[in-house]
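Numbered by this note's numbering, the letters in the sequence shown go through residues 1 to 50 in order.
Everything on this sheet refers to the single structure shown next.
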Amino acid sequence: LVKPQGELVLSGILNTQAKSVISAYQAHNMQLAPPVSQQDWCRLNGIKPT
């Protein structure tokens, strides 16, 4: 659960899974920044709008 204006950080996501994870969170009204990648992994940052 993320409250309005709450921030979310997801790490340990494989680059190959990033698009599907982003889509799933966007379907629940999360605004996600572009992934930050390092080797095969990425981190996603997001915020839930009001």
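Think of the CB as a built atom: it goes at the ideal place given N, C-alpha and C, for glycine as much as any other residue.
Only a predicted model underlies this, so the values are computations on that prediction, with no experimental measurement involved.
- Ala27 is positioned such that its CB atom lies no closer than 8 Å to that of Leu44.
- Collapsing the DSSP output to three states places Val21 in a helix.
- Where Leu14 is concerned, the enclosing beta strand (DSSP E) starts and stops at Glu7 to Leu14.
- Straight-line spacing of the CA atoms in Pro4 and Trp41 works out to 28 Å.
- Judged by DSSP in its simplified three-state form, Gln26 adopts helix.
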